[in-house]
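K.L.:
Right, I'll just put the structure down here and ask away after.
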Amino acid sequence: MAEKRYHMRRAEKEITDEKEIREVIAGQEFMTLAMCSGGSPYLATVNYAFDPKSGTFYFHCARKGRKSEVIESNPEVWGQVLEDGGYIEGKCDYAYRSVHFWGKAEAVTALREKRAALELMLQKLEKNPEAAKRKFINDGSLREVMIYRVRAEGFTGKKSIRPRASGARASC
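Written out as structure tokens, the structure is:
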């Protein structure tokens, strides 16, 4: 997807450090995907796992349903991961870090990649991921589950952090 990159009007808010971008991605449970089919926009918020080695997001959904239909008709997506730092009382401001990415959503068909994606998700979300892997990941579930991947073609980030209290670290 050829995107015109706009400059950020408030350059001091731009996140340019790749480590910080990956920190935001790793620290959140949900992402929102913007999609379009037949001229109609569609948003879906999904839980996800991210493979930092390949820059790939994974999420699962129903085989049949609007999300799958929209992706199959137009795989181009724009995604956002948001870290909510809350309202800053008395400043009329909000603390946050957000990362946007874009790419194509593709169905994962190889069982090995499906297994790896589900293991990443369970590792991220479960308190006891090994027990959850044994319970939920098997040949039957791998054949049935619908997994999509989005290999991020690029990232942008923006933040507005809380003012520092004397001697304290800045925080989102």
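Quick note: my numbering has the sequence shown finishing at residue 289, numbered continuously throughout. Cβ atoms here follow ideal geometry from the backbone N, Cα and C, with glycine treated the same way. Treat the numbers as computed from the prediction; the structure is a model and nothing was measured.
(1) Would DSSP call Ala143 helix, strand or coil?
(2) What are the boundary residues of the beta strand (DSSP E) that Asp201 is part of?
(3) Between which two residues does the beta strand (DSSP E) harbouring Ala161 extend?
(4) Please indicate yes or no: does the CB of Gly172 lie closer than 7 Å to some heavy atom of the ligand GDP?
(5) Got a sec? Which residues, its chain only, sit under 6 Å from Arg127 by beta carbon, not counting five neighbours each side?
(6) At the level of alpha carbons, what is the spacing between Met118 and Lys276?
(7) From Ala224 to Glu206, what does the alpha carbon distance come to, in whole angstroms?
(8) Given a cut-off of 8 Å on the beta-carbon distance, is the pair Gly187 and Ser154 in contact?
(9) State the Cα-Cα distance for the pair Ala161 and Ala143, rounded to the nearest angstrom.
(10) Quick one, which of Ile278, Glu247, Gly220 and Leu239 has its alpha-carbon nearest Tyr165's?
(11) With DSSP as the reference, label Val216 as helix, strand or coil.
(12) Using the DSSP secondary-structure output, state which residues sit across from Leu150 in a beta bridge.
(13) CA-CA distance, Glu131 and Pro169?
(14) Figure out for me which residue from Ser157, Gly202 and Gly220 has the closest Cα to the Cα of Arg214.
P.N.:
Here's the rundown:
(1) Counted from its first residue, the sequence shown places residue 143 at position 26. If DSSP states are grouped into helix, strand and coil, Ala143 belongs with the helices.
(2) Counting from 1 along the sequence shown, the entry for residue 201 is found at position 84. In the DSSP annotation of this structure, the continuous segment of the beta strand (DSSP E) that includes Asp201 starts and ends at Glu193 to Ile205.
(3) As a working note, residue 161 is residue 44 in the sequence shown. Under the DSSP assignment, Ala161 falls in the beta strand (DSSP E) whose first and last residues are Ser157 to Asn164.
(4) The ligand content of the structure shown is nil, which means the ligand GDP is not present either.
(5) Translated into the one-based positions of the sequence shown, residue 127 becomes position 10. Excluding positions up to five away in sequence, the list is empty.
(6) As a working note, residue 118 is residue 1 in the sequence shown. As a working note, residue 276 is residue 159 in the sequence shown. Any answer about Met118 is weak, because its pLDDT of 44 lies below 50 and its placement is not dependable; what the coordinates show is given next. Here the C-alpha atom of Met118 lies approximately 25 Å from the C-alpha atom of Lys276.
(7) The residue labelled residue 224 in the question sits at position 107 within the sequence shown. The residue labelled residue 206 in the question sits at position 89 within the sequence shown. Approximately 44 Å, taken between the alpha carbons.
(8) For the purposes of this step, residue 187 is identified with residue 70 of the sequence shown, where counting begins at 1. For the purposes of this step, residue 154 is identified with residue 37 of the sequence shown, where counting begins at 1. As written in the sequence, residue 187 is Val, which differs from the Gly given in the question. Taking 8 Å as the cut-off, the beta carbon of Val187 is found closer than this to the beta carbon of Ser154.
(9) Stepping through the sequence shown from its first residue, residue 161 is reached at position 44. Stepping through the sequence shown from its first residue, residue 143 is reached at position 26. Rounded to the nearest angstrom, the two C-alpha atoms are 19 Å apart.
(10) Here residue 165 is taken as the residue at index 48 of the sequence shown, counted from 1. Comparing Cα-Cα distances from Tyr165 to each of Ile278, Glu247, Gly220 and Leu239, the minimum goes to Leu239.
(11) Position 99 of the sequence shown, counted from the first residue, corresponds to residue 216. DSSP, reduced to helix, strand and coil, places Val216 within a strand of the structure shown.
(12) If you number the sequence shown from 1, residue 150 lands on position 33. According to DSSP, Leu150 bridges with Ala161 and Gly196.
(13) Sequence index remark: in the sequence shown, residue 131 carries index 14 (1-based). Sequence index remark: in the sequence shown, residue 169 carries index 52 (1-based). If you draw a straight line from the Cα of Glu131 to the Cα of Pro169, it comes to about 21 Å.
(14) Within the sequence shown, numbered from 1, the residue matching residue 214 stands at position 97. Residue Gly202 is the option with its Cα nearest to Arg214.
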